[in-house]
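In our numbering, the protein residues as written are 2 to 287.
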């Protein structure tokens, strides 16, 4: 008897409940692998499914198998961070007939001027469409857009997607840098190369991000909700709103406010047990 070797090169698109996923993100357009469809899918996913790390803060792990992703992001209407968002989005794109290649980014946002080196633990996708030579980058898991895919070309320079502004630069060799404009002006977002990444590579990065004390996601709640007109962020107990023109507002929360803020701002409804755990702020007392 010959053992069946699983195909770890693809994204398990055939196993995705596509109807349920499309209903979750509110997409009812054509199911064709076109650039217009890709733009619509990125916008729908990015503005519907929030970025969040609550499972880690609640003492649970982050499995990346498709069944778990579908249960969490689709059936329970929760969010996730980059590996979760990219995993389910890649499965959908594969099902549509797009060419999908995983990439890995090294986040420089917030550390570019310090010289600190972070591991390459941000997941994003290189996407192509049939009969079209253009290459698109889809980033549905950063929590801060973009609202649409952007073309991977040397001449991209500064570009706007909706009211939000970005800049793409190519450095030596195959290194790319994406910048974004925000309350602190132009900031490095991350660097990336076109070296292909597979689900097993994401599993390794996910283990570090979800368990290491050096990971920013193991130390406090961090949530984002990105919309065409505003970017909501919950970092520990600070709730902020950032706008395309670079302005921002923020306020500090009491832990007892968290369940209401999660529901009203981030569209996340926790059950009573998880809500009680979160309001005890275990990341501050542990």
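Even for Gly, the Cβ is constructed at its ideal location relative to N, Cα and C.
Worksheet item: Thinking just about the alpha-carbon of each residue, which of 254, 15, 64 is nearest to the one in residue 210?
Response: Sequence index remark: in the chain shown, residue 210 carries index 209 (1-based). Closest option to residue 210, Cα to Cα, is 64.
Fill in: Nearest to residue 255 (by Cα), restricted to the options 87, 235, 228
On the chain shown, residue 255 is found 254 positions in, with the first residue counted as 1. Here the closest residue by C-alpha is 235.
Item to complete: On a CA-only basis, which of 176, 233, 246 is nearest residue 252? Give me that one, please.
Response: Here residue 252 is taken as the residue at index 251 of the chain shown, counted from 1. Nearest C-alpha to residue 252: 233.
Worksheet item: Mind checking residue 105: buried by the 16 CB within 10 Å criterion, or exposed?
Response: The residue you call residue 105 lines up with position 104 of the chain shown. Buried, by the Cβ-count rule.
Practice prompt. Following the continuous beta strand (DSSP E) through residue 159, name the residue where it begins and the one where it ends.
Written response: As a working mapping, residue 159 is identified with position 158 in the chain shown. It spans 158–162 - the beta strand (DSSP E) in which residue 159 sits, taken as one unbroken run.
Practice prompt. Please list, in chain order, all residues of the same chain as residue 201 whose beta carbon is under 6 Å from its beta carbon, the five residues on each side excluded.
Written response: Sequence index remark: in the chain shown, residue 201 carries index 200 (1-based). Correct list, in chain order: 9.
Fill in: Cβ neighbours of residue 110 in the same chain (closer than 7 Å, five flanking residues each side left out)
As a first step, residue 110 is located in the chain shown; it is residue number 109 there, counting from the start. Its chain contains 188, 189, 190, 191 as the residues whose beta carbon lies nearer than 7 Å to that of residue 110, once the 5 sequence neighbours on both sides are disregarded; these appear in chain order.
Item to complete: Taking only the alpha-carbon atoms, compute the straight-line gap between residue 173 and residue 117 and give it to the nearest angstrom.
Response: Sequence index remark: in the chain shown, residue 173 carries index 172 (1-based). Sequence index remark: in the chain shown, residue 117 carries index 116 (1-based). Using only the alpha carbons, I get a separation of about 20 Å.
Fill in: Proximity winner among 92, 152, 95, 87, relative to residue 124 (alpha-carbon distances)
Stepping through the chain shown from its first residue, residue 124 is reached at position 123. Ranking the options by Cα distance to residue 124, first place goes to 87.
Discussion item. If you reduce the DSSP assignment to three classes, tell me which class residue 149 lands in.
Written reply: Numbered from its first residue, the chain shown carries residue 149 at position 148. DSSP places residue 149 in the coil class of the three-state scheme, outside both helix and strand.
Discussion item. In whole angstroms, give me the CA-to-CA distance for residue 26 and residue 151.
Written reply: The residue given as residue 26 occupies position 25 in the chain shown. The residue given as residue 151 occupies position 150 in the chain shown. When only Cα atoms are considered, residue 26 and residue 151 end up about 20 Å apart.
Practice prompt. Classify residue 71 as helix, strand or coil using the three-state DSSP reduction.
Written response: For this step, residue 71 is matched to residue 70 along the chain shown. It is helical.
Item to complete: Write down every uninterrupted run of the beta strand (DSSP E) in the region 210–273 whose length is 3 residues or greater and which is fully enclosed by it, in chain order.
Response: Those beta strand (DSSP E) runs which fall completely within the region 210–273 and span 3+ residues are 223–227, 232–236, 239–243, 249–253.
Fill in: Between the CA atoms of residue 75 and residue 177 - distance to the nearest angstrom
Your numbering for residue 177 matches position 176 in the chain shown. Your numbering for residue 75 matches position 74 in the chain shown. Cα to Cα, residue 177 sits roughly 32 Å from residue 75.
Worksheet item: Candidates 89, 29, 203: which alpha carbon is nearest residue 14's?
Response: Your numbering for residue 14 matches position 13 in the chain shown. 89 is the residue among 89, 29, 203 whose C-alpha sits nearest the C-alpha of residue 14.
Worksheet item: If we ignore side chains and look at the alpha-carbon of each, how far apart do residue 183 and residue 83 end up?
Response: The residue given as residue 183 occupies position 182 in the chain shown. The residue given as residue 83 occupies position 82 in the chain shown. Their Cα atoms are separated by approximately 20 Å.
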